[in-house]
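Enquirer: Mind looking over this structure? Questions follow.
2 protein chains.
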Amino acid sequence: MLVIGEKINGMFKVVREAVQSKNKQAIQDLAKKQLDAGADVLDVNVGPASADQLKDMSWLIETIREVTLAPLAVDTTKPDVMDKGLSLAGKNCFLNSTTGEEEKLSEFLPIAKKHGAKIIALTIDKAGIPNHAEGRLEIAANIVAKAIELGIDPASLYIDAVILPVNVAQQHAPAVLETIKQTKLLCDPAPKTILGLSNVSQGAPSAQGVSVRPLIDRTFLVMAIASGLDAAIINPLDKDLMDAMITSELLSGKNIYCDSFLQAYRKK
Amino acid sequence: MLVIGEKINGMFKVVREAVQSKNKQAIQDLAKKQLDAGADVLDVNVGPASADQLKDMSWLIETIREVTLAPLAVDTTKPDVMDKGLSLAGKNCFLNSTTGEEEKLSEFLPIAKKHGAKIIALTIDKAGIPNHAEGRLEIAANIVAKAIELGIDPASLYIDAVILPVNVAQQHAPAVLETIKQTKLLCDPAPKTILGLSNVSQGAPSAQGVSVRPLIDRTFLVMAIASGLDAAIINPLDKDLMDAMITSELLSGKNIYCDSFLQAYRKK
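So the protein lines, in turn, are chains E and V. Residues 1 to 268 (the numbering used here) are what the first sequence spells out, left to right. Residues 1001 to 1268 (the numbering used here) are what the second sequence spells out, left to right.
Here it is, written out as structure tokens:
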């Protein structure tokens, strides 16, 4: 499975402060740590506090590029920041993200095409996030159609069925799993599926002093992998989460068994 | 999900010794502990060392019945022991197990019918355990047909697709998950699905001094639940395993969310 490391995001204090003080070391450490832990791609998001997103995104990407050529997922809602970010990030990168709304697709799909970027697309439209798999799949089908219309290979689409916190919207969890299963049936070659994982456990409390968030996260990731998930945006520094992911890939027959399969995956 | 506690089995030393020395307390403790931890049913197996299985099975069941009326899964390959065990165990119990071989079905299905017992049936025939889901489903279909022929409700069948150790037969894990998904399509009402879990991790080693067996067990259980599993024979005293199971049931929408969902399930 494709692991997109989520840690270089201005929502995290350490990143926000590094961007403000132009502390390259902190960002480069986070990049290397995530790659060492098994991330394939690094998400890059300046965060909502940034006063100059174009400048901060450029600085972040240039800073990361000093230590690694790993693919990046340029994570912004602003088309100009996306365009600039993808031009600096280079080949095999990801546009993160567009929704299924017409105007978003019209803005973002051409930017992805221009840079040859893969596309993370959320099953959200003007009415919001549908409650059931059917509605999500309808939006996904529309995204696929738009992409094909623009000459974009649907296999470069990563459909994110948008999980909501289980504590407030429990019925969305099975809907997302069902969407993951059925997205593969939309066209041939099929679009890929992706999950922005940590939203599932937002707001879940501690039980007997221990946060249940990691348990919810890793359990849902394993269920999604059993449903055919191709990629996830996660915290690769969560060792239990990565162990669960590696083991479920093993049990799906996607990695070959060896006695040290947990270590072998990380050294891949 | 239906949890069948696996601990009262003569393969475990503490049970073997308790049977030999007629130590009621040890067996009754194991029964109560498993029920407290969330088990719905208790498996009862005298183990291969028993010199008088009929006598030992009777003693075990009578000993358990002194402290609980919870359903039991009478676990033996001997028809006379099964018949005696089910007659002592009472209503709502399980025959564990028959294979799909003609002579086994002819022996065991009538015993189950006589006692109104649910039936755990393994997808094994004379040729062994098929490598792929198709072969397993063919055996399952044959078991269902035989049961219907004898007037047994297929909803009282629990089909076990027989997981083999991932370290020697890795390709069986996805085959079992696929069988679980498709068993539901065999007839209406559908047979149920069950998993004798711990076999999946037999022989898997320690990694950096920590056994990877519990990780493999709980990851495969969550994948099986995501595939639609109805029941499992597991160790309910493994807290991490039970937490993973409860959380995956929550994310499947089978339990209602509350902040203390882990505790709430166990107190059900």
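Cβ coordinates follow ideal geometry from the N, Cα and C atoms, glycine included. Small disclaimer: the values here were computed from a predicted structure and weren't measured.
Give me the subset of the stretch 72-97 of chain E whose CB atoms are less than 7 Å from a CB atom of chain V, sorted by chain position.
Expert: none
Enquirer: Assign Thr1091 of chain V to one of two classes, buried (16 or more other C-beta atoms within 10 Å of its C-beta) or exposed (fewer than that).
Expert: The identity of residue 1091 of chain V in the sequence shown is Lys, whereas the question assumes Thr. Burial call: exposed.
Enquirer: Going along chain V in order, which residues have a C-beta closer than 7 Å to the C-beta of Lys247 of chain E?
Expert: Residue 247 of chain E is actually Thr in this sequence, not Lys. By Cβ distance, chain V contributes Leu1215, Ile1216, Thr1219.
Enquirer: For the pair the stretch 1153-1162 of chain V and the stretch 1113-1133 of chain V, tell me if three or more CB-CB distances fall below 8 Å.
Expert: yes
Enquirer: For Gly1010 of chain V and Pro1048 of chain V, which I take to be in contact (beta-carbon distance under 8 Å), what is that distance rounded to the nearest angstrom?
Expert: Their Cβ separation, rounded to whole angstroms, is 7 Å, which keeps Gly1010 of chain V and Pro1048 of chain V in contact under 8 Å.
Enquirer: Starting from Gly135 of chain E, find everything on chain V with Cβ-Cβ shorter than 8 Å and list it in chain order.
Expert: Under a criterion of Cβ atoms nearer than 8 Å, no residue of chain V is adjacent to Gly135 of chain E; the nearest Cβ is some 17 Å distant.
Enquirer: How about Trp26 of chain E: is its C-beta nearer than 7 Å to some C-beta of chain V?
Expert: Trp is not the amino acid found at residue 26 of chain E; the sequence shown has Ala there. False, the Cβ-Cβ gap to chain V never drops below 7 Å.
Enquirer: So does the stretch 243-252 of chain E actually touch the stretch 8-22 of chain E, counting three or more Cβ pairs closer than 8 Å?
Expert: The stretch 243-252 of chain E makes no contact with the stretch 8-22 of chain E: fewer than 3 CB pairs, one atom from each, lie closer than 8 Å.
Enquirer: What residues of chain B sit near Val1166 of chain V, judged by a beta carbon separation below 8 Å?
Expert: Of the protein chains in the structure, E and V, none is chain B.
Enquirer: With the cut-off set at 7 Å, would you say Ile216 of chain E and Thr1247 of chain V are in Cβ contact?
Expert: yes
Enquirer: So what does DSSP say about Phe1012 of chain V, is it helix, strand or coil?
Expert: coil
Enquirer: Looking only at DSSP bridge pairs, what is Gly1196 of chain V linked to?
Expert: In the DSSP assignment, Gly1196 of chain V is bridged to V:Ile1233.
Enquirer: Taking only beta-carbon atoms, is Met223 of chain E less than 7 Å away from chain V?
Expert: So yes, Met223 of chain E belongs to the interface.
Enquirer: Where do the N-terminal and C-terminal ends of the alpha helix (DSSP H) with Asp36 of chain E fall, by residue?
Expert: 24-36
Enquirer: In chain order, what residues of the same chain lie with their CB nearer than 6 Å to the CB of Ser1097 of chain V, ignoring the 5 residues before and after it?
Expert: Ile1120, Leu1122
Enquirer: If we cut at 7 Å on Cβ distances, does Tyr1170 of chain V have a partner in chain E?
Expert: Reading the sequence as shown, one finds Gln at residue 1170 of chain V and not Tyr. Chain E contact via Cβ: present.
Enquirer: Using three-state DSSP, classify Ser1252 of chain V as helix, strand or coil.
Expert: coil
Enquirer: Please work out which residues of its chain come closer than 7 Å, Cβ to Cβ, to Leu1177 of chain V, disregarding the five sequence neighbours upstream and downstream, and give them in chain order.
Expert: Met1223, Ala1224, Ser1227
Enquirer: Touching or not, the stretch 126-144 of chain E and the stretch 1201-1220 of chain V, by the rule of three or more beta carbon pairs under 8 Å?
Expert: The answer is no - the stretch 1201-1220 of chain V does not touch the stretch 126-144 of chain E, with fewer than three Cβ pairs under 8 Å.
Enquirer: Ala1173 of chain V versus chain E: which residues are under 7 Å apart at the beta carbon?
Expert: Leu251, Gly253
Enquirer: Is there at least one Cβ from chain V nearer than 7 Å to Asp153 of chain E's Cβ?
Expert: no
Enquirer: Drop a sphere of 10 angstroms on the beta-carbon of Gly38 of chain E, count the other beta-carbons inside from all chains shown, and report buried for 16 or more, exposed for fewer.
Expert: buried
Enquirer: Under 7 Å, Cβ to Cβ, is there at least one residue of chain E near Ala1226 of chain V?
Expert: yes
Enquirer: Note down, in chain order, each residue of its chain lying with its Cβ closer than 7 Å to the Cβ of Arg1213 of chain V, except the 5 sequence neighbours on either side.
Expert: Closer than 7 Å at the Cβ level, and outside the excluded window around Arg1213 of chain V, lie Ser1201, Ala1204.
Enquirer: Taking its Cβ as the centre, do 16 or more other Cβ atoms sit within 10 Å of Ile111 of chain E, making it buried, or is it exposed?
Expert: buried
Enquirer: Restricting to Cα atoms, I'd like to know which of V:Lys1078, V:Gln1025, V:Asp1036, V:Gln1034 is closest to Glu1062 of chain V.
Expert: V:Gln1025
Enquirer: Hey, would you say Ile1064 of chain V sits closer than 7 Å to Ala1117 of chain V, going by beta carbons?
Expert: no
Enquirer: CB Ala89 of chain E to CB Leu72 of chain E, shorter than 7 Å?
Expert: In this structure, Leu72 of chain E lies closer than 7 Å to Ala89 of chain E by Cβ.
Enquirer: Do you know offhand how far Gly1209 of chain V's Cα is from Ala232 of chain E's?
Expert: 29 Å
Enquirer: Which same chain residues, not among the five before or five after His1132 of chain V, have their C-beta less than 6 Å away from its C-beta?
Expert: The beta carbon of His1132 of chain V sits closer than 6 Å to those of Ala1175, all from its chain and outside the five residues before and after it, given in chain order.
Enquirer: Taking only runs of the alpha helix (DSSP H) that begin and end inside the stretch 109-188 of chain E, which ones reach a length of at least 4 residues, in chain order?
Expert: Within the stretch 109-188 of chain E, the complete alpha helix (DSSP H) segments at least 4 residues long are 133-149, 172-183, listed from N- to C-terminus.
Enquirer: Please return the same chain residues whose Cβ sits closer than 6 Å to the Cβ of Asp1230 of chain V, not counting the five positions on each side in sequence.
Expert: Lys1192, Thr1193
Enquirer: Just to confirm my understanding: we take Val81 of chain E, look at its own chain, exclude 5 residues before and 5 after, and list those with CB closer than 6 Å. What are they?
Expert: Close CB contacts of Val81 of chain E within its chain, under the 6 Å cut and outside five residues either way in sequence, are with Gln53, Leu54, Met57 (chain order).
Enquirer: Are Ile139 of chain E and Asp125 of chain E touching if we call contact CB-CB under 7 Å?
Expert: yes
Enquirer: Do Val44 of chain E and Val15 of chain E have their CB atoms nearer than 7 Å?
Expert: no
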